[in-house]
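Per UniProt numbering, the very first residue in the sequence shown carries number 1; after that it's consecutive.
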Amino acid sequence: MITDAGAQPPLRPWGEAWRLLAAAALGVLLWVITAAQLPVGASGPRVEWMITGDPLIALVCLIALLWRRRFPVVIAIAVILASTASVLAGGASLLALCSLATRRRPAETAVAAVLSVVTAVLVVDLYPARETPGPLWLMISLPTLLVGIVVAVGAAIGARREEVRSLRERVESAEREQAARAAEARIVERHRIAREMHDVLAHRVSLVAMQAGVLGHRPDLPAEQVAELARGIADGSHQALEELRDVLGVLRADPDELEPPQPSLADLPALVADARALGLAVTMELSTEGEPPDAIARTVYRIVQEGLTNAGKHAPGADVVVTVEGRPGDGMRATIRDSGAARAIAGPPASGFGLLGLAERVELAGGELDHHAEPGGGFVLAARLPWPVREGSE
1 MITDAGAQPP
11 LRPWGEAWRL
21 LAAAALGVLL
31 WVITAAQLPV
41 GASGPRVEWM
51 ITGDPLIALV
61 CLIALLWRRR
71 FPVVIAIAVI
81 LASTASVLAG
91 GASLLALCSL
101 ATRRRPAETA
111 VAAVLSVVTA
121 VLVVDLYPAR
131 ETPGPLWLMI
141 SLPTLLVGIV
151 VAVGAAIGAR
161 REEVRSLRER
171 VESAEREQAA
181 RAAEARIVER
191 HRIAREMHDV
201 LAHRVSLVAM
211 QAGVLGHRPD
221 LPAEQVAELA
231 RGIADGSHQA
241 LEELRDVLGV
251 LRADPDELEP
261 PQPSLADLPA
271 LVADARALGL
281 AVTMELSTEG
291 EPPDAIARTV
301 YRIVQEGLTN
311 AGKHAPGADV
321 VVTVEGRPGD
331 GMRATIRDSG
341 AARAIAGPPA
351 SGFGLLGLAE
361 RVELAGGELD
371 HHAEPGGGFV
381 LAARLPWPVR
391 EGSE
């Protein structure tokens, strides 16, 4: 069976019951008023119809109203037309009209309203009365006023329903957007954690692997150097575990707590000193004027760290030159240049994510990253970052 495209979902049992009871009570009131107007001793087919047929039609109309939300137009027109033969069905007729008006479709509501007024005028002559009906304008005005009130109430109910539906859709849309933002935030956080894990651990583990490689390829080393390299491996492994513990502590910490201190330009000498202690021939030239923003200083530190890590893995025995220079307004430049591998040694496997994560960091800072192999051997990692001039500074 084909239903109306604008059909509304069914009501709950109690909501349906009190509406039908209200319509039945209104019909009973109209029926009692009409019965009170019958002439004394009146009899005949019309009076018998009022006792038998009128209630039967009203009962059928009330039952038909159970499907008014699935077939609003058909049920409303049928009940309104049936009310021409039943005063008791007047309440059901008004309920059908009100339900139809909630759809807020002027054309169908207007047709049903006109039919309601016409049936109200016709039903006046359905049963005999002691007094003659009033003038025609009065017979039309009262039903028109009542029908107008019912239509207005129905339209207001429909407007309220549409507002609630709109608010519900907005809430659902907001929930979907919030879920999408949360998913995006989780992805961004995973990327941040991956970068942090790489930046913190890759440098330390790479240097430990380089020392272990030296032990494996140089069996002729004196006992003192072997012991020194073993201590370096032990110390590097211990520091890697400590740094891993710090990262995991940040991940488990309360989001409202402050983040741990981040590296800056002041930590570069210690970073270079660690690299030298582990066998890298590193020279650093640091020339900056003023104190750069924390984000820029932290990015420069990560660039140098990544450059030293790559040099230790891929260019053992090379000379490494680290140059960091900049000033407000001119930007910050960091360059790590190595002379190429001085000896062949099996290094640790490359993850391929170091330069990728570094490029993301530099891009987020608004800078540019360049890395390429030199024609004569060696590798260059260079980055340029913005260093804006702060207000009030010269």
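Glycine included, each C-beta is placed from N, C-alpha and C at the ideal position.
Please work out which residues of its chain come closer than 7 Å, Cβ to Cβ, to residue i, disregarding the five sequence neighbours upstream and downstream, and give them in chain order.
i, result
"A295", "A365"
"V321", "T283, R337"
"L122", "T84"
"M139", "V121, V124, P133"
"V87", "L30, W31, T34, D54, V123, L126"
"I157", "T102"
"I75", "A64, L65, W67, R68, A96"
"I57", "A82, A85, S86, A89"
Figure out for me which residue from the options has the closest Cα to the Cα of residue i.
i, options, result
"L20", "L95, G41, I77", "L95"
"A212", "S93, R231, V171", "R231"
"V32", "D54, W14, R12, A17", "D54"
"Q37", "L88, Y127, A120", "Y127"
"C98", "V322, P263, V73", "V73"
"V60", "A35, A24, G15, R70", "A24"
"residue 403", "R276, E48, L30, A382", "The question about residue 403 has no answer, for the chain in this structure spans 1 to 394."
"L385", "G376, L369, P375, L29", "L369"
"E16", "V28, L26, R69", "R69"
"D267", "L280, V362, T299", "T299"
"A240", "E224, D274, P388", "D274"
"E108", "A82, V151, A209, A129", "V151"
"V389", "Y301, Q305, E291", "E291"
"T335", "L81, V304, P13", "V304"
"L271", "G307, E48, Q178", "G307"
"P293", "D319, L265, G279, P269", "L265"
"residue 426", "L207, R218, Q225", "In the structure as shown, the chain begins at 1 and stops at 394. Residue 426 is therefore absent and cannot be evaluated."
"G329", "W387, R302, Y301", "W387"
"H191", "T323, R361, F71", "R361"
"Y301", "A112, Q262, V226, D319", "Q262"
"V205", "A234, L11, S173, R168", "A234"
Spatial neighbours of residue i within its chain, please: CB distance less than 6 Å, with the 5 preceding and 5 following residues excluded, ordered by chain position.
i, result
"S287", "E325"
"D256", "The predicted model places D256 with a pLDDT of 45, which falls under 50 and marks its position as unreliable; any figure quoted below should be read in that light. Cβ neighbours of D256 beyond the five flanking positions: none."
"R327", "E289"
"A359", "L369"
"L26", "G91"
"A297", "S264, L265"
"M50", "Y127"
"residue 395", "Outside the displayed range of the chain (1 to 394) lies residue 395, so it cannot be described from this structure."
"G279", "none"
When DSSP labels each residue in this structure, what does residue i get in the three-state scheme?
i, result
"S264", "coil"
"T283", "strand"
"T144", "helix"
"T119", "helix"
So, for residue i: in the same chain, excluding its five sequence neighbours on each side, which residues have a beta-carbon less than 8 Å away from its beta-carbon?
i, result
"A22", "G91, L95"
"F379", "N310, A311, H314, A315, R337, D338, G340, H371, H372, A373"
"E163", "none"
"A110", "none"
"P39", "P128, A129, R130"
Is residue i close to the ligand SAH? I mean its beta-carbon at under 7 Å from any heavy atom of the ligand.
i, result
"V151", "Ligands are entirely absent from the displayed structure, and the ligand SAH is therefore not among its contents."
query = Along the chain, which unbroken stretches of the alpha helix (DSSP H) at least 4 residues long are found entirely within the stretch 33 to 64?
reply = The qualifying runs are 45 to 51, 53 to 64.
request  = Just list the beta strand (DSSP E) runs in the UniProt domain "Histidine kinase/HSP90-like ATPase" (298 to 386), keeping only unbroken ones of 3 residues or longer that don't cross its boundaries, in chain order.
outcome  = With a minimum length of 3 residues, the continuous beta strand (DSSP E) runs that stay inside the UniProt domain "Histidine kinase/HSP90-like ATPase" (298 to 386) are 319 to 327, 331 to 338, 368 to 373, 379 to 385.
ask   = Can you list, in chain order, the stretches of the alpha helix (DSSP H) that have 4 or more residues and sit fully within the stretch 73 to 114?
value = Whole alpha helix (DSSP H) segments, 4+ residues: 90 to 101.
ask   = With contact counted as at least three CB pairs below 8 Å, one residue from each stretch, are the stretch 57 to 65 and the stretch 127 to 147 in contact?
value = Here the stretch 57 to 65 does not lie against the stretch 127 to 147, with fewer than 3 beta-carbon pairs under 8 Å apart.
ask   = Touch check for the stretch 110 to 119 and the stretch 37 to 55: three-plus C-beta pairs under 8 Å?
value = Remark: fewer than three beta-carbon pairs, one from each stretch, lie closer than 8 Å, so the stretch 110 to 119 and the stretch 37 to 55 are not flagged as touching.
ask   = Is the stretch 133 to 140 touching the stretch 177 to 192 in the sense that three or more CB pairs, one from each, lie closer than 8 Å?
value = By the criterion of at least three beta-carbon pairs nearer than 8 Å, the stretch 177 to 192 is not in contact with the stretch 133 to 140.
request  = Let me know the alpha helix (DSSP H) ranges lying completely inside the stretch 130 to 187, each 4 residues or longer, listed in chain order.
outcome  = DSSP runs (the alpha helix (DSSP H)) wholly in the stretch 130 to 187: none.
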